[in-house]
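Scroll down for the structure; my scribbles are underneath it.
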Amino acid sequence: MAATTSVPSASPISGSRSFVRRLREGDEVARLITFLFAVSVVLVTLLLIFALWQGSALARHKFGLQFFFTRVWDPIAEQFGALPFIYGTLMTATVSLVIAVPLGIGAAIFLAELASARLSDALEFFIDLLAAVPSVIYGLLGVFIVVPLMRDYVQPGLKATLGFLPLFSGPAYGVGFLTAGIVLAIMVIPYIISVSREVLMSVPRDQREAALGLGSTRWESTWKVVVPFARTGIMGSIFLALARALGETMAVTMVIGNTPTISASLFSPGYTIAAVIANEFTEATGDLYLQALVELGLVLFLLTFLLNGLARLLIVITSQRGSGTAHA
Amino acid sequence: MSPRLRWRKFVSGFMLAMTGVCALVAVSVLFFILGYLVYHGGTSINWSFFTKLPTPVGETGGGMANAIVGSAKLLLAASLLGVPIGFLGAIYLAEFSGSKVAFVVRYAADLLNGVPSIVIGIFAYSLVVLPFKHFSTLAGGFALGLMMVPITLRSTEEFLLAVPRALREAAMALGASKWKTIVTVIVPAAYRGILTAVLLAFARVAGETAPLLFTAFGNRYWSPGWNQPTASLPVMIFTYAVAPYEDWHRQAWAAGLVLLGLILVINIVARAILARGIAVPRA
Amino acid sequence: MKRIAGIFLVALVVASVASAQALLINGAGATFPNPIYSKWFDEYHKNNGNIQINYQSVGSGAGIKQVTDGTVDFGASDGPMNDEQLKAFQEKHGFGILHFPTVLGAVVPMYNIPGVTAALDFTPEALAGIFLGKITKWNDPAIAGANKGVNLPGNDIVVVHRSDGSGTTYVWTDYLSKVSEEWKNKVGKGTSVNWPVGLGGKGNEGVTGQIKNAPNSIGYVELIYAVSNNIPYGNVKNSSGSFIKADLASVSEAAAAAAKTMPDDFRVSITDPAGKKAYPIASFTWLLIPAKFSDAAKRDTMKGFLNWMLADGQNYAEQLSYAKLPKEVIAKEKKALSSIQ
């Protein structure tokens, strides 16, 4: 595309004013068009929030705050409570973080501190690809690989060794909170790794060098100086991962057992907000049923909204700190 | 060397080795996934997978030809919606807007980005499916396009902003109007990054399943036009994977391989484009 | 690169326009009859090339909802629409919706017990107890008592039910409500109930998949799903006291009495019937057809299909383990066809 430039014609004052007007109008038109597109993003987002709010009005008025504390989900009796789903969502997310955070931070430390630049970039490339794998593929692998593994080896093994804990009690179904948590962990690890790696790399060199200069080992300087310095950003990455885990639908519904139960056992089948919406939305006969599901969607939206906001805040704070602004 | 120092050195070596193990575990998951898909899917991919329609329940043979075309149509519709909004909106943010409006738009985009895809599905259902009384490719494309907007918008904006001031000023000095500068100088300078952004957004929504459950629904035949339900690869994978039929499992693996292969190729290509260099100044 | 993209786009447009010649009718609903429906619609398409009836097996609950919302042209369910749902449809559209029975099927208790390939005998009390969560082990006397020759392990029972709105669930819970007072009061009947125990699977397909993979599990599915996947299923004790295996004869007998007293709207339950050899958990399954079609081509196509279904279509039923409709019912339906406008 040739870069054409327009040379304004050398014209008398009156002609130049009309030309300038035309110029400005051209810019004005462009400005207006692009403004409309930009604003449409805002409008659509507002419309979405409005649709969620309106679409759950009946359920909100009927159940009020009790919605969050009722365990019963009974479409026949038209009794809808969100507690089992909130529990399941939080439980699976927690399990996934318990697995993903140590692994993710460990890997990020390796990539940021130990690996050569080339190795670090190469591995980061693969980890970014892991983040691109769609949920349904994780679900596919979950159903055919993870679930049988859990049912035949892992869960019986855990029961044999730690079965006295309520956490590992109950029959080994294969599906359940633990399985869903493991699959989610694999899905969110890339987020923790890539963001943590970046914030770790942005920690100023002098911090490390000061620690080493004072006689610390490599590990001590990393763990006791660098990581705490990047602590806020790492927290941010965890919140991001959490937000992703909460909203996951397909992989979870394929391995969680789809039963609204609240149980202390990790082996128990459960249900998450996203999974119940996916399973029951197209068949919710009756306005109250449908609106209860939309209300669940609203709850999920608010949860992820809060977490994402918090995450970004934390990441921004860390990067500002790390960009070398001197601390007195 | 004192025993304490020896211990500290040991801990240091050990922990650092552990971090290496963590990184290894994380990366090997990807290779495991790929390997498994290639193994199971590769043995199932045959010509009929790409050319045949699904057969009645329980009968073997049959393929996912309609799902492949359906996914292509959905992604086309999504791109037609998501790319212009993201691209033109980003131009506004980068070139024209004041900081207040920019903040609001960016915030809205980030908000939209964080919305779980199932909730987008609910939104698309009430906005497109119900009024038209039809599940349709259009509704599915709408949902997916909505998901493409934030990624395209934010990334494009960043790449536009990264274009050096010198280029803009040179164009202005030569008398070009603002929009002419944008069209002929800035966008071409940032085109690599913009293309990367679009490709990544595309790859992101290519695998989305949840929003399609209530919008594109499903179709055992070819879906004519844009106003009818359509089969799609991700939904077929889901449907076939949870069913008991071995032949369907086989096809689900094959579809998974095709889908993942497509997504990974797009991702790699996008990054390669970016790696070649951003904002090559034009002589 | 641009050329390839261009060719691709053109191909897409052609693909989307070319099949616009065919008449596409969309339906959704029960997974119970999906094997025969998919066969029927496929055969019908083979015989009438320009007609494509796209049926999505998403569960009776979804079928009822979608046809009420008008997002599909017809629905399918094995739990007949109740009065409230009929009223909702009438209010929304200004005309009613008709039930057309298509085949007879059976819901069987299907299980996966390591080492057990025999067909177990289940009493109503055993089934209710298992699904209420009161009977938790396979060697419980309530089950073992009826299966003296079988070596039942002491493993925990894994109950599998439907996670989606299901006509199969309706038939199953309808039966349990009739034979167990406790079930009737505690859980009730419906397409979606508050299950005391168990895992959820999506569709008959999902439940079958779960049971196939999980040892010590039991669930309820339509007969063909157990047969075609070679998974053992049990016999159920009927009201006359005999343990009956679900097959064409026992299902047809279950419908025999109802066939003679079939109401005009065809909504009837045939669970726990009288009849010495009748299978106690059988059901009709219905196509839900709106009484009025705004599109004349669609209406005529539906009528044409229904006529074919009542005649040639019935011949496909038995090879897929569904029982044909009783003659009286077919005759009555043929008359009712004229009320579709």
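Protein chains in written order, with the working numbering: chain A, 265 to 592; chain B, -18 to 264; chain C, 2 to 342.
For every residue, glycine included, the Cβ atom is placed at its ideal position computed from N, Cα and C.
Of all residues in the segment 183 to 200 of chain C, those with a C-beta nearer than 9 Å to a C-beta of chain A are Val188, Gly189, Lys190, Gly191, Thr192, Ser193, Val194, Asn195, Trp196, Val198, Gly199 and Leu200, reading in chain order.
For the segment 65 to 122 of chain B, the continuous alpha helix (DSSP H) assignments of 4+ residues that do not extend past its boundaries occur at 80 to 95 and 98 to 105, in sequence order.
In summary, Tyr226(B) is buried, with 16 or more beta-carbon neighbours lying within 10 Å of its beta-carbon over all protein chains present. In the three-state reduction of the DSSP assignment, Met129(B) falls in the helix class. Around the CB of Gly210(C), 16 or more other CB atoms lie within 10 Å, so the residue is classed as buried.
For Asn27(C), the nearest beta carbon of chain B is closer than 8 Å to its own beta carbon. Remark: C-beta atoms of Ala29(C) and Leu288(C) do not approach each other more closely than 8 Å. Inclusion of Ala222(B) and Ala235(B) in the CB contact set at 8 Å is not warranted, their separation being larger than that value.
In the DSSP secondary-structure assignment, Asn113(C) is bridged to Ser218(C). Annotated three-state conformation of Ile520(A) is coil, per DSSP.
Within the segment 199 to 217 of chain B, the residues whose Cβ lies closer than 8 Å to any Cβ of chain C are, in chain order, Gly199, Asn200, Arg201, Tyr202, Trp203, Ser204, Pro205, Gly206, Trp207, Gln209 and Pro210. Annotation for Tyr323(C): no alpha helix (DSSP H) segment contains it, and DSSP assigns it neither H nor E. Looking at Pro115(C), Asn140(C) and Val117(C), the one whose alpha-carbon comes closest to that of Ala127(C) is Asn140(C). Rounded to the nearest angstrom, the gap between the Cα atoms of Phe33(C) and Trp173(C) is 12 Å. In this structure, Ile26(B) is the residue among Glu189(B), Gly1(B), Ile26(B) and Val179(B) with its C-alpha nearest to the C-alpha of Ala46(B).
About 10 Å separates the CB atoms of Val8(B) and Phe374(A); that is not less than 8 Å, and the two are not in contact.
Take the alpha-carbon of Leu255(B) and the one of Glu388(A): they are about 15 Å apart. Per DSSP, Arg163(C) is one residue of the beta strand (DSSP E) stretching across Val159 to Arg163. Contact between the segment 536 to 544 of chain A and the segment 482 to 496 of chain A is absent, with fewer than three C-beta pairs closer than 8 Å. If you check each beta-carbon in the segment 80 to 93 of chain B against every beta-carbon of chain A, the ones closer than 8 Å belong to Val82, Val85, Val86, Ala89, Ala90, Asp91, Leu92 and Leu93. Counted as a single uninterrupted DSSP element, the beta strand (DSSP E) harbouring Gly28(C) occupies residues Leu24 to Gly30. Within chain A, no residue has its beta carbon less than 8 Å from that of Ala77(C); the closest one is some 12 Å off. In summary, no residue of the segment 9 to 25 of chain B has a CB separated from any CB of chain C by less than 8 Å.
If one requires a minimum length of 3 residues, the beta strand (DSSP E) runs lying completely within the segment 266 to 310 of chain C are 283 to 291, in chain order.
Phe299(A) and Ile290(C) have their C-alpha atoms some 48 Å from each other. If you ignore the 5 residues before and after Gly314(C), its C-beta comes within less than 7 Å of the C-beta of Trp41, all in its own chain and listed in chain order. Relative to Val96(B), the option among Thr309(A), Ile401(A) and Ser460(A) whose CA is nearest is Thr309(A). Counting only residues of its own chain and dropping the five nearest sequence neighbours on each side, Asn208(B) has a CB closer than 8 Å to the CB of Phe113, His115, Ser117, Thr118 and Leu119. Per DSSP, the beta-bridge partners of Gly202(C) are Arg163(C). The beta carbon of Leu367(A) lies closer than 7 Å to those of Ile453 in the same chain, with the five residues before and after it left out.
Sequence-distant partners of Ala58(B) (beyond 5 residues in either direction) whose C-beta falls short of 8 Å from its own C-beta, in its chain, are Thr118, Leu119, Gly121, Gly122, Phe123, Leu125, Gly126 and Trp207. Taking 8 Å as the cut-off, the beta carbon of Pro281(C) is found no closer than this to the beta carbon of Asn214(C).
A contact is defined here as three or more CB-CB pairs under 8 Å, and the segment 102 to 111 of chain B meets this definition with respect to the segment 191 to 198 of chain B. Rounded to the nearest angstrom, the gap between the Cα atoms of Ala357(A) and Ala444(A) is 9 Å.
DSSP places Asn55(C) inside the beta strand (DSSP E), whose first and last residues are Ile52 to Ser58. The beta carbon of Pro339(A) sits closer than 7 Å to those of Tyr553, all from its chain and outside the five residues before and after it, given in chain order.
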